[in-house]
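There are 2 protein chains.
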Amino acid sequence: MSGIELRGVSKRFKDVTALDNVTLNFEENKIYGLLGRNGAGKSTMLNIISNRLFPDEGEVLLDGQPVRENDMAQGQIFLISEKTLYPEKMKIKEAFKWTQEFYPDFDVEKARSLAEEFGLSDKKKVDSLSTGYETIFKVILALCVNVPYVFFDEPVLGLDANHRELFYKHLLTKYGEDPFTAVISTHLIEEVSNVIEEIVIIKRGKIIYNESRDELLGKGYTVSGNAGRVDSYIKGRDVIGTDSLGGLKTAYLLGRPDRGSMPEGLELTGMDLQKLFIQLTNE
Amino acid sequence: MSGIELRGVSKRFKDVTALDNVTLNFEENKIYGLLGRNGAGKSTMLNIISNRLFPDEGEVLLDGQPVRENDMAQGQIFLISEKTLYPEKMKIKEAFKWTQEFYPDFDVEKARSLAEEFGLSDKKKVDSLSTGYETIFKVILALCVNVPYVFFDEPVLGLDANHRELFYKHLLTKYGEDPFTAVISTHLIEEVSNVIEEIVIIKRGKIIYNESRDELLGKGYTVSGNAGRVDSYIKGRDVIGTDSLGGLKTAYLLGRPDRGSMPEGLELTGMDLQKLFIQLTNE
Numbered sequence: 001m002s003g004i005e006l007r008g009v010s011k012r013f014k015d016v017t018a019l020d021n022v023t024l025n026f027e028e029n030k031i032y033g034l035l036g037r038n039g040a041g042k043s044t045m046l047n048i049i050s051n052r053l054f055p056d057e058g059e060v061l062l063d064g065q066p067v068r069e070n071d072m073a074q075g076q077i078f079l080i081s082e083k084t085l086y087p088e089k090m091k092i093k094e095a096f097k098w099t100q101e102f103y104p105d106f107d108v109e110k111a112r113s114l115a116e117e118f119g120l121s122d123k124k125k126v127d128s129l130s131t132g133y134e135t136i137f138k139v140i141l142a143l144c145v146n147v148p149y150v151f152f153d154e155p156v157l158g159l160d161a162n163h164r165e166l167f168y169k170h171l172l173t174k175y176g177e178d179p180f181t182a183v184i185s186t187h188l189i190e191e192v193s194n195v196i197e198e199i200v201i202i203k204r205g206k207i208i209y210n211e212s213r214d215e216l217l218g219k220g221y222t223v224s225g226n227a228g229r230v231d232s233y234i235k236g237r238d239v240i241g242t243d244s245l246g247g248l249k250t251a252y253l254l255g256r257p258d259r260g261s262m263p264e265g266l267e268l269t270g271m272d273l274q275k276l277f278i279q280l281t282n283e
Numbered sequence: 001m002s003g004i005e006l007r008g009v010s011k012r013f014k015d016v017t018a019l020d021n022v023t024l025n026f027e028e029n030k031i032y033g034l035l036g037r038n039g040a041g042k043s044t045m046l047n048i049i050s051n052r053l054f055p056d057e058g059e060v061l062l063d064g065q066p067v068r069e070n071d072m073a074q075g076q077i078f079l080i081s082e083k084t085l086y087p088e089k090m091k092i093k094e095a096f097k098w099t100q101e102f103y104p105d106f107d108v109e110k111a112r113s114l115a116e117e118f119g120l121s122d123k124k125k126v127d128s129l130s131t132g133y134e135t136i137f138k139v140i141l142a143l144c145v146n147v148p149y150v151f152f153d154e155p156v157l158g159l160d161a162n163h164r165e166l167f168y169k170h171l172l173t174k175y176g177e178d179p180f181t182a183v184i185s186t187h188l189i190e191e192v193s194n195v196i197e198e199i200v201i202i203k204r205g206k207i208i209y210n211e212s213r214d215e216l217l218g219k220g221y222t223v224s225g226n227a228g229r230v231d232s233y234i235k236g237r238d239v240i241g242t243d244s245l246g247g248l249k250t251a252y253l254l255g256r257p258d259r260g261s262m263p264e265g266l267e268l269t270g271m272d273l274q275k276l277f278i279q280l281t282n283e
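Chains as they are written, first to last, in the UniProt record's numbering: chain R, 1 to 283; chain G, 1 to 283.
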């Protein structure tokens with residue numbers, strides 16, 4: 001199978017099962033959202049794919065070849081994660097050149113130009129950056145590395161709204177010019193909803209959804225209005241959650257709306273991805 | 001004047017003017033959004049209010065009394081910020097008791113209950129927390145401290161969507177039961193838009209807007225559609241920004257829409273706060 005394939009991957013840390021028999025395929029040239037709560041296992045998965053951690057069971061393949069201790073495969077994969085692996089006292093511009101040593105297609109010119117656009121001085125030291133600028137530094141690396149599989153772990157942490165918009169714009173422009181596989185793990189779900197095509201939801205180490213955004217959003221709907229009327233409509237239906245405020249209630253349902261049996265005065269809307277995620281992953 | 005008042009406050013760091021003659025009032029029992037780009041001066045302002053930094057010029061008053069080196073005033077003010085001031089090896093449950101020493105109205109019982117609800121073990125050490133849980137720890141302190149002025153600097157950094165929703169819910173519940181002044185500095189503007197009543201926008205150390213959310217949102221509107229028609233409508237009007245995608249264009253305008261002179265086929269919508277913010281603060 002082409003693309004990156006996880007086959008029965010499990011990983012435990014002491015008494016916590018971080019990944020539980022995960023089987024999953026990241027296909028070529030698609031943009032994925034990897035969504036999960038804090039602690040769900042997202043970072044563990046990304047660290048296993050990029051050889052920073054080894055699984056207890058199962059394996060990860062790239063185009064059918066195991067990625068473990070496979071330099072050829074690792075050269076096709078880039079991960080930006082919470083931990084940076086750069087020497088702390090290294091300057092940004094040196095870090096760009098250093099990255100090119102390991103990833104020959106890294107575009108130093110583009111990295112310099114993006115640094116300027118994001119207002120990141122390339123004379124700064126890697127360890128002197130604020131949370132927002134550390135994220136910007138890593139996002140620039142990911143946008144310039146030019147490998148087929150790029151994993152973005154929290155690419156907008158600490159970024160202001162303007163810089164988040166700029167990141168999404170550059171990601172889509174790059175994808176449009178020269179498609180690659182981007183896997184974006186983020187908590188800002190509603191914002192990224194228009195950027196991603198495929199959605200993987202992980203809960204307590206297990207994949208609970210793996211489908212296109214449109215399929216997933218088509219699975220549910222919301223009904224709002226007078227609490228009594230909402231209750232009468234939702235009785236016997238597949239309710240995944242409710243919110244109440246005073247006498248008003250919003251219910252989140254799976255399935256297709258049944259307009260015929262819906263009481264007067266209720267408002268019917270589509271599901272928004274973040275609300276759906278919250279309802280699917282709440283404990 | 002009651003509330004917290006900044007009078008002509010300026011602060012420079014080397015060659016950067018972080019705050020430039022800021023005059024501003026945070027009134028009693030209101031919820032403010034303090035919005036600005038990374039580096040705009042938000043944290044400097046909060047650190048001056050809470051006595052962690054001193055201004056070069058101007059002063060901060062609480063109910064007419066200077067707050068500088070004024071323990072009585074500082075006992076009325078609580079700031080959660082990027083830096084925690086707790087001893088690193090202290091456990092969460094000890095930190096709750098320690099906070100009560102300085103803030104006698106701190107509700108230790110409620111803090112324990114919130115920690116459980118957010119899934120934060122109170123046996124953990126303060127310096128062992130991930131970004132998300134460090135934020136949760138600080139948010140819990142702020143929700144339990146029971147002082148009249150609480151400043152939240154990035155209260156949702158690293159929080160998953162479920163925990164962000166839980167934070168907004170607890171904030172509004174507390175405010176409803178026992179009003180206080182909450183000042184929320186955040187980059188997640190659209191999410192907080194329904195929580196805040198008053199908006200202060202800071203740009204390069206100067207206050208550029210200070211008004212109610214409804215007034216601010218009423219200042220602008222957007223027009224989208226065929227680029228040529230959008231261009232013909234916006235000519236001579238007060239345009240604060242545009243986005244283009246293929247032959248489509250969205251324009252952000254100040255003022256009231258003039259339906260009479262709007263070409264057929266254009267879509268008119270209200271301004272969303274995050275889009276408005278981006279347009280007002282882009283360089």
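For each residue, glycine too, the CB sits at the ideal point set by N, CA and C.
{"Query": "Phenylalanine 13(G): buried (16+ other C-beta within 10 angstroms of its C-beta) or exposed?", "Result": "exposed"}
{"Query": "Going by C-alpha distance, which of Glu283(R), Ala95(R), Leu46(R) and Ser224(R) is nearest phenylalanine 151(R)?", "Result": "Leu46(R)"}
{"Query": "Report the option in Glu59(R), Asp258(R), Val183(R) and Leu171(R) whose CA atom is closest to the CA atom of leucine 6(R).", "Result": "Glu59(R)"}
{"Query": "Answer with yes or no whether the minimum CB distance from asparagine 162(G) to chain R is below 8 Å.", "Result": "yes"}
{"Query": "Would you identify the three-state DSSP class for glycine 58(R), choosing helix, strand or coil?", "Result": "strand"}
{"Query": "Among Gly176(G), Glu177(G) and Tyr103(G), which one has its Cα closest to the Cα of leucine 141(G)?", "Result": "Tyr103(G)"}
{"Query": "Expressed to the nearest angstrom, what Euclidean distance is found between the alpha-carbon atoms of glutamate 264(G) and leucine 245(G)?", "Result": "20 Å"}
{"Query": "Answer with yes or no whether the minimum CB distance from histidine 170(R) to chain G is below 8 Å.", "Result": "no"}
{"Query": "Output, in chain order, the set of chain R residues within a Cβ distance shorter than 9 Å of threonine 135(G).", "Result": "None at all; the shortest Cβ gap to chain R is about 10 Å."}
{"Query": "Should arginine 213(G) be flagged as near chain R, meaning a C-beta pair shorter than 8 Å?", "Result": "no"}
{"Query": "How big is the Cα-Cα spacing for lysine 97(G) and valine 108(G)?", "Result": "7 Å"}
{"Query": "Within a Cβ cutoff of 7 Å, which residues of the same chain sit near leucine 257(G), ignoring the five residues on either side of it in sequence?", "Result": "The sequence shown places proline at residue 257(G), not leucine. Result list for proline 257(G): Tyr221 and Leu268, in chain order."}
{"Query": "Sort Lys275(G), Gly64(G) and Glu211(G) by Cα distance to threonine 242(G) and report the nearest one.", "Result": "Lys275(G)"}
{"Query": "For aspartate 56(G) and alanine 95(G), what's the separation of their Cα atoms in angstroms?", "Result": "33 Å"}
{"Query": "Report the residue from Arg37(R), Phe78(R) and Gln65(R) whose alpha carbon sits nearest the alpha carbon of arginine 52(R).", "Result": "Phe78(R)"}
{"Query": "Where do the N-terminal and C-terminal ends of the alpha helix (DSSP H) with phenylalanine 167(G) fall, by residue?", "Result": "161-177"}
{"Query": "On a CA-only basis, which of Tyr32(R), Asp20(R) and Asp15(R) is nearest glycine 3(R)? Give me that one, please.", "Result": "Tyr32(R)"}
{"Query": "Comparing C-alpha positions only, which one of Lys91(G), Phe106(G), Ala251(G) and Leu157(G) sits nearest to lysine 125(G)?", "Result": "Lys91(G)"}
{"Query": "With distances taken between CB atoms, is the gap from glutamate 190(R) to serine 212(R) smaller than 8 Å?", "Result": "no"}
{"Query": "Is it the case that the Cβ atoms of alanine 249(G) and alanine 227(G) are separated by a distance below 8 Å?", "Result": "Sequence inspection shows lysine at residue 249(G); the alanine mentioned does not correspond to that position. Cβ atoms of lysine 249(G) and alanine 227(G): closer than 8 Å."}
{"Query": "Given alanine 115(R), which residues of its chain have a CB within under 7 Å of its CB, disregarding the five upstream and five downstream residues?", "Result": "Ile92, Asp122 and Ile140"}
{"Query": "According to DSSP, is phenylalanine 118(R) part of a helix, a strand, or is it coil?", "Result": "coil"}
{"Query": "Excluding the 5 residues preceding and the 5 following lysine 206(G) in the sequence, name in chain order all residues of the same chain whose CB lies nearer than 6 Å to its CB.", "Result": "Asp20"}
{"Query": "Roughly how many angstroms separate the alpha carbons of isoleucine 184(R) and lysine 89(R), rounded to a whole number?", "Result": "28 Å"}
{"Query": "Using a Cβ cut-off of 7 Å, pull out every chain G residue sitting near glutamine 274(R), in sequence order please.", "Result": "Ala161"}
{"Query": "Just to confirm the assignment: which complete beta strand (DSSP E) runs, minimum length 3, are found wholly within the stretch 62-143 of chain R?", "Result": "77-80"}
{"Query": "Within the continuous alpha helix (DSSP H) that includes valine 230(G), where are the two ends?", "Result": "227-234"}
{"Query": "Is leucine 129(G) closer than 8 Å to phenylalanine 137(G) when the C-beta atoms are compared?", "Result": "yes"}
{"Query": "Any beta-carbon of chain R closer than 8 Å to the one on asparagine 47(G)?", "Result": "no"}
{"Query": "Phenylalanine 54(G): buried (16+ other C-beta within 10 angstroms of its C-beta) or exposed?", "Result": "exposed"}
{"Query": "Alpha helix (DSSP H) containing phenylalanine 277(G): first to last residue?", "Result": "273-281"}
{"Query": "So if I threshold CB-CB distances at 9 Å, which residues from the stretch 178-212 of chain G count as touching chain C?", "Result": "Annotation note: the requested chain C is absent from the structure, which comprises protein chains R and G."}
{"Query": "Using only CA atoms, which one of Ile240(R), Gly39(R) and Leu254(R) lies nearest to phenylalanine 118(G)?", "Result": "Gly39(R)"}
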